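If you're matching positions, the sequence shown starts at 52 in the working numbering and goes up one per residue. Idealized CB from N, CA, C, for every residue including glycine. Source: prediction; values computed, not measured.
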Amino acid sequence: MATDTLKSTSSADSATGGLRRLLLDNGALTALIVLVIAMSALSGDFLTTDNLLNVGVQAAVTAILAFGVTFVIVSAGIDLSVGSVAALSATVLAWSATSHGVPVLIAVLLAVVTGIAAGLVNGFLIAYGKLPPFIATLAMLSVARGLSLVISEGSPIAFPDSVSHLGDTLGGWLPVPVLVMVVMGLLAAFVLGRTYIGRSMYAIGGNEEAARLSGLRVKKQKLAIYALSGVFAAVAGVVLAARLSSAQPQAADGYELDAIAAVVIGGASLAGGTGKASGTLIGALILAVLRNGLNLLNVSAFWQQVVIGVVIALAVLLDTLRRKAGATPVAGASQGGKGRQAATYGLAAVVTVAIVGATSFLHNGSSSTANPKVGLSLSTLNNPFFVQIRSGAQAEAKKLGVDLTVTDAQNDASQQANQLQNFTSSNLGAIIVNPVDSDAASNSVKAADQAKIPVIAVDRGVNKASVDALVASDNVAGGELAAKSIGEKLGGKGKIVILQGQAGTSAARERAEGFAQGLKAYPGIQVVAQQPADFDRTKGLDVMSNLLQAHPDVQGVIAANDEMALGAIKALGSKAGTSVSVVGFDGTPDGLNAVKDGTLYASVAQQPSQLGKIAVDNALKALEGKKVEETIKVPVKVVTKENVAGFTG
52 MATDTLKSTS
62 SADSATGGLR
72 RLLLDNGALT
82 ALIVLVIAMS
92 ALSGDFLTTD
102 NLLNVGVQAA
112 VTAILAFGVT
122 FVIVSAGIDL
132 SVGSVAALSA
142 TVLAWSATSH
152 GVPVLIAVLL
162 AVVTGIAAGL
172 VNGFLIAYGK
182 LPPFIATLAM
192 LSVARGLSLV
202 ISEGSPIAFP
212 DSVSHLGDTL
222 GGWLPVPVLV
232 MVVMGLLAAF
242 VLGRTYIGRS
252 MYAIGGNEEA
262 ARLSGLRVKK
272 QKLAIYALSG
282 VFAAVAGVVL
292 AARLSSAQPQ
302 AADGYELDAI
312 AAVVIGGASL
322 AGGTGKASGT
332 LIGALILAVL
342 RNGLNLLNVS
352 AFWQQVVIGV
362 VIALAVLLDT
372 LRRKAGATPV
382 AGASQGGKGR
392 QAATYGLAAV
402 VTVAIVGATS
412 FLHNGSSSTA
422 NPKVGLSLST
432 LNNPFFVQIR
442 SGAQAEAKKL
452 GVDLTVTDAQ
462 NDASQQANQL
472 QNFTSSNLGA
482 IIVNPVDSDA
492 ASNSVKAADQ
502 AKIPVIAVDR
512 GVNKASVDAL
522 VASDNVAGGE
532 LAAKSIGEKL
542 GGKGKIVILQ
552 GQAGTSAARE
562 RAEGFAQGLK
572 AYPGIQVVAQ
582 QPADFDRTKG
592 LDVMSNLLQA
602 HPDVQGVIAA
612 NDEMALGAIK
622 ALGSKAGTSV
632 SVVGFDGTPD
642 GLNAVKDGTL
652 YASVAQQPSQ
662 LGKIAVDNAL
672 KALEGKKVEE
682 TIKVPVKVVT
692 KENVAGFTG
């Protein structure tokens with residue numbers, strides 16, 4: 052009996068230890084399973100075929116970028132330039148194919164060559180220039196983004212139709228981006244596990260000096276490693292631009308951080324020597340599931356950043372615990388190890404399907420609510436103008452009994468496309484969209500139209516897609532009013548500077564067009580400088596401070612929004628409202644206070660809270676099948692010290 056008891060105890064300890072080792076060795080996979088189960092339990096909209104395909108599409112670009120970054124991190128390097136290289140490659144493709152008539156196949160090759168060239172420059176600076184990878188790739192981040200803006204002149208370039216099909220689906224249900232992601236993942240796995248350069252990556256990451264002494268040509272290998280990262284970045288850029296039907300010069304901004312996070316979450320070590328393609332894919336899926344699920348649960352985009360940061364920290368902590376516990380390194384495995392790994396993934400899939408299937412019963416019959424459901428996707432909530440749109444929409448939704456879900460795209464057209472796809476797969480009654488870019492939103496709006504979901508555009512229209520209504524003020528007309536205000540204030544003569552909005556956004560383009568048209572009536576007004584300040588108050592302060600060094604005698608400033616105008620006022624100091632007149636745009640609370648104080652001469656007010664209110668009204672009408680007007684114009688007005696007291700916004 053004692054022997055039997057001992058065997059039983061030993062067997063139980065062995066099973067417990069085996070489970071512990073399995074969880075430690077496959078921490079990322081365990082986390083993904085837990086996330087899928089949790090999101091399935093919390094949201095009845097998560098576990099649908101359309102939404103799961105959305106998750107795959109939303110993970111695709113990050114995963115492709117991350118596969119390339121995996122090569123670099125395994126070799127103990129870092130690549131901060133992949134997001135900018137992706138944008139540059141897509142811009143080169145669109146520019147060469149549309150503006151210069153280059154055949155599409157050659158244009159695609161040029162995009163890939165662009166990625167390779169950027170990677171080779173990174174590799175040369177690191178291997179032969181002895182620059183730290185962080186510094187070399189940080190420089191390339193800036194150079195590639197700048198070249199993208201120069202080539203595109205700050206505006207999106209339409210993508211050739213033949214390439215745009217990369218953003219479509221096969222058979223009406225299988226997304227092409229997912230297929231590209233799988234192909235690139237298999238290629239990454241092959242390179243890491245079956246090639247000489249893959250083995251070199253692990254050797255260099257494990258101990259670069261030992262690798263060199265063993266006869267490995269480390270410098271040439273680093274050139275190849277960073278060139279490979281550039282290739283994957285180029286492919287990711289083409290896939291992203293195909294989804295958005297245009298090459299956006301500001302696309303993939305910040306994606307390098309997501310790519311690095313996916314690699315680390317997937318089990319790779321920033322110290323080098325460990326990492327695998329399957330782990331990176333799991334890391335990218337974790338980020339996509341998190342964002343998708345949190346969107347469905349109506350969690351603020353600001354809190355989403357907090358959650359993702361915590362997940363990254365926990366991933367690194369798990370990696371530390373795994374090493375202390377002596378878990379299997381995440382590197383090349385033996386045939387037996389690969390067999391066990393395949394069995395682990397298979398078992399995980401079975402367990403996940405079983406548990407998720409059980410949790411889905413929690414939502415049977417509970418998806419319907421008494422209140423109509425409407426989604427509102429705003430281009431950003433880092434600007435008071437759009438915060439006011441949200442406030443007006445929320446107040447009206449509460450009054451009408453509408454369940455309103457608000458998301459923040461953070462001026463990222465790709466992120467907004469994901470949010471709109473989530474709204475569509477959640478079967479909301481109606482969608483309100485304030486596009487980051489009018490062209491980039493078209494594919495997502497078309498998908499909503501196909502799902503018979505009414506779409507209302509607010510503040511900015513959607514090109515190449517049908518919306519039920521556009522609720523907006525006229526940015527061009529507003530720009531003309533701003534120019535007229537400064538022209539009349541200066542008596543038709545004087546030197547002015549213009550602070551432009553974020554390059555590539557429709558609002559920046561339209562307002563700049565209005566400024567130019569309005570100033571034609573005042574030939575005595577000389578524009579001595581025009582510089583972008585990205586709709587940001589701090590950048591408005593910095594840019595205006597710099598311009599004053601070259602043009603100290605400036606007499607007027609036109610800013611494409613109140614935030615930049617307020618930054619300019621700070622730079623002008625006592626000159627603001629006395630010797631220099633400043634005109635802003637939007638009529639935000641801070642802007643109106645500056646008008647009252649006399650430091651801001653005027654603001655072209657769009658009444659943003661009214662935009663939000665009217666958008667919700669029309670969304671509810673469209674949802675109920677009532678007729679809505681195609682265009683609803685909210686009048687703009689110039690607010691000065693004389694009439695600011697009667698303006699409510």
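Can you give me the C-alpha to C-alpha distance between residue i and residue j, rounded to a whole angstrom?
i    : j    : result
A239 : V233 : 10 Å
V522 : S297 : 24 Å
I683 : A520 : 7 Å
L217 : V229 : 10 Å
I255 : L139 : 29 Å
A195 : L592 : 25 Å
Q658 : K664 : 10 Å
L617 : A533 : 15 Å
V106 : L643 : 42 Å
G323 : A601 : 48 Å
L274 : A653 : 55 Å
V85  : I359 : 15 Å
G205 : K621 : 27 Å
L321 : T142 : 31 Å
P183 : M191 : 13 Å
G330 : L103 : 19 Å
L429 : L189 : 30 Å
S147 : V159 : 9 Å
S265 : V314 : 28 Å
If you drop the 5 nearest sequence neighbours on each side, which residues of the same chain put their C-beta closer than 6 Å to that of residue i?
i    : result
A464 : L295, Q299, V487, D488 and A491
M595 : A619 and A622
T456 : N349 and G426
Can you find the residues in the same chain that come closer than 7 Å, C-beta to C-beta, to residue i, ignoring five residues on each side of it along the sequence?
i    : result
K688 : A656
I537 : I547, G607, I609, S632 and V634
T149 : I208, A209 and P211
I504 : T475, L479, A481 and I482
A670 : V425, A481, I483, P505 and I507
T30  : Coverage of the chain is limited to positions 52 through 700, which leaves residue 30 absent and any answer about it impossible.
N422 : G452, V453 and D454
Y179 : K270
Going by DSSP, name the residue or residues bridged to residue i.
i    : result
K424 : D454
K535 : DSSP lists no partner for K535.
G545 : I576
A481 : V425
A627 : V631
S265 : Bridge partners of S265: none, in fact.
A656 : D637 and K688
Q551 : P583
S297 : A209
A520 : I507
T682 : L521
Compare the Cα-Cα distances from residue i to each of the options and report the closest residue.
i    : options                   : result
A310 : T556, A114 and L623       : A114
T475 : L427, Q461 and T431       : L427
V163 : G529, A284, L368 and K678 : A284
L116 : T458, Y277, T629 and V506 : Y277
T100 : P226, G174, G134 and M252 : P226
A168 : K571, V136, F122 and N343 : V136
A335 : A446, I129 and I316       : I316
A502 : G78, L471 and V153        : L471
I333 : N694, T81 and D648        : T81
P583 : Q577, L598 and V231       : L598
T691 : L338, K647, D668 and Q467 : K647
R342 : T639, N473 and E260       : N473
V367 : V695, L674 and G78        : G78
N469 : A498, V527 and F122       : A498
Leaving out the 5 sequence neighbours to the left and right, which residues in its chain are closer than 8 Å to residue i when beta-carbon positions are compared?
i    : result
G416 : Here G416 scores only 45 on pLDDT, less than 50, and its place in the model is too uncertain to base an answer on.
S215 : A293 and S296
D500 : V506, A516 and S517
L83  : I333, L336, I337 and V340
Comparing the C-beta of residue i with each C-beta of chain B, is any distance below 8 Å?
i    : result
T682 : Considering every chain present, this structure includes no chain B. It has just one protein chain.
Would the beta-carbon of residue i be found less than 7 Å away from any heavy atom of the ligand ADP?
i    : result
G530 : With respect to small molecules bound, the structure shown includes none, and the ligand ADP cannot be examined in it.
Open item on the list: Ignoring anything shorter than 4 residues, give me the alpha helix (DSSP H) runs that lie fully in the stretch 441-477, in order along the chain.
Closed with: 464-476
Open item on the list: Suppose only complete runs of 4+ residues qualify. What are the alpha helix (DSSP H) ranges in the stretch 206-253, listed by chain order?
Closed with: 212-215 and 227-245
Open item on the list: To test your reading of the DSSP string, which unbroken alpha helix (DSSP H) runs of 4 or more residues are found completely within the stretch 567-623?
Closed with: 588-601 and 613-623
Task: alpha helix (DSSP H) runs wholly inside the stretch 153-214, at least 4 long, in chain order - done: 155-178 and 184-203
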